[in-house]
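To convert a position in the sequence shown, counted from 1, into the numbering used here, add 23.
Contents: one structure, followed by commentary.
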Amino acid sequence: MKIVPFKNGSNFSNNLVLAEKLILLGARPPIVSQLCQLSRQQSIDIFKSLTGCRPKQGMLPHDLQWVIRSTSNNIHASLFLGILDDARRRLSIQYSSAQVLVDVYSIYKNVASKILTEPKKISPAAQQFTLDVNRAWFLISMLVAGNLIFTVCTCCRTRYLSTIHPDATFSQCPICNVWKDRSGRRRWASAKSKKTN
Numbered sequence: 024m025k026i027v028p029f030k031n032g033s034n035f036s037n038n039l040v041l042a043e044k045l046i047l048l049g050a051r052p053p054i055v056s057q058l059c060q061l062s063r064q065q066s067i068d069i070f071k072s073l074t075g076c077r078p079k080q081g082m083l084p085h086d087l088q089w090v091i092r093s094t095s096n097n098i099h100a101s102l103f104l105g106i107l108d109d110a111r112r113r114l115s116i117q118y119s120s121a122q123v124l125v126d127v128y129s130i131y132k133n134v135a136s137k138i139l140t141e142p143k144k145i146s147p148a149a150q151q152f153t154l155d156v157n158r159a160w161f162l163i164s165m166l167v168a169g170n171l172i173f174t175v176c177t178c179c180r181t182r183y184l185s186t187i188h189p190d191a192t193f194s195q196c197p198i199c200n201v202w203k204d205r206s207g208r209r210r211w212a213s214a215k216s217k218k219t220n
């Protein structure tokens, strides 16, 4: 890794540690650069030194409708942002900081690996999470902007995410208001699907 000049040694070293943690969780250099106050090149250099390869090119996650594309997406996003919201309320923390993302995403991975993965998974290292750290970062910005809101299901009391969307189907509970198609995939319940079941 190249030696890069810096102004404040203690802040820079803290940011380097956080940058390493984020990259090991799968964060891409633009996110690391923004959260850790590092230059683009510094983030890329750290990424290459840790992973041994160049970072992936292309746009960062920006799909405003990802949360409502499937019930699985909604459950994972609700779990992650629920942990974040609870931490913010109890500890009076800021939403957008590298340490918060590292801590909350690590908790999410730990919980999700125990309750939201198939029992057939071979090892924790082989697990693929529906919500990666890059999309988690984007979801935080959506929550802060008010594009995502928490709703509590009147039936099962689950707290889930909903969006400002004209179709009420996407504001239903991802646990109660679903049905399974022939292939076993969970689908949002709609007036049409309720009639066929």
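Glycine included, every Cβ here is placed at the ideal spot set by N, Cα and C.
Checklist line | Where the beta strand (DSSP E) through residue 152 begins and ends | finding: Residue 152 -> no beta strand (DSSP E), and no H or E assigned at all.
Check: Just checking my contact of residue 48 with residue 156 at CB under 8 Å: how many whole Å lie between their CB atoms?
Finding: 5 Å
Next item on the list: Put residue 144 into one of helix, strand or coil per three-state DSSP.
Entry: Note that residue 144 has pLDDT 47, beneath the 50 cutoff, so the model's placement of it is unreliable and no number is given.
Next item on the list: Give me the Cα-Cα distance between residue 136 and residue 95, rounded to the nearest whole angstrom.
Entry: 14 Å
Check: Using the beta-carbon count (16 or more within 10 Å), is residue 65 buried or exposed?
Finding: buried
Next item on the list: Please name the residue, chosen from 172, 100, 195, 45, that lies closest to residue 125 on a Cα-to-Cα basis.
Entry: 45
Check: Can you list, in chain order, the residues of its chain whose CB lies under 8 Å from that of residue 56, leaving out five sequence neighbours each side?
Finding: 62, 63, 65, 66
Checklist line | Straight-line Cα distance separating residue 161 from residue 81 | finding: 15 Å
Checklist line | Identity of the residue in 105, 74, 172 nearest residue 130 by Cα | finding: 105
Notebook entry, point to check: Would residue 206 be called buried (16 or more neighbouring beta carbons within 10 Å of its own) or exposed?
Noted result: exposed
Next item on the list: Using the Cα positions of residue 204 and residue 99, report the straight-line distance between them to the nearest angstrom.
Entry: 20 Å
Next item on the list: Could you tell me the distance, in whole angstroms, from the CA atom of residue 132 to the CA atom of residue 202?
Entry: 26 Å
Next item on the list: Taking all protein chains shown into account, decide if residue 173 is buried (16 or more other Cβ within 10 angstroms of its Cβ) or exposed.
Entry: exposed
Notebook entry, point to check: residue 31 to residue 59, Cα distance in whole Å?
Noted result: The predicted position of residue 31 is uncertain, since its pLDDT is 49 and thus under 50; a value taken from the coordinates is nonetheless stated next. Their Cα atoms are separated by approximately 13 Å.
Item checked: DSSP beta-bridge partners of residue 171 -> 186
Note to self: Taking the alpha helix (DSSP H) that residue 209 belongs to, which residues open and close that run?
What the structure shows: Premise fails: residue 209 lies in the beta strand (DSSP E), 209 to 211, not in any alpha helix (DSSP H).
Notebook entry, point to check: Is it true that the CB of residue 97 sits closer than 9 Å to the CB of residue 197?
Noted result: yes
Notebook entry, point to check: Exposed or buried, residue 195, counting other C-beta atoms within 10 Å across all chains shown (16 or more means buried)?
Noted result: buried
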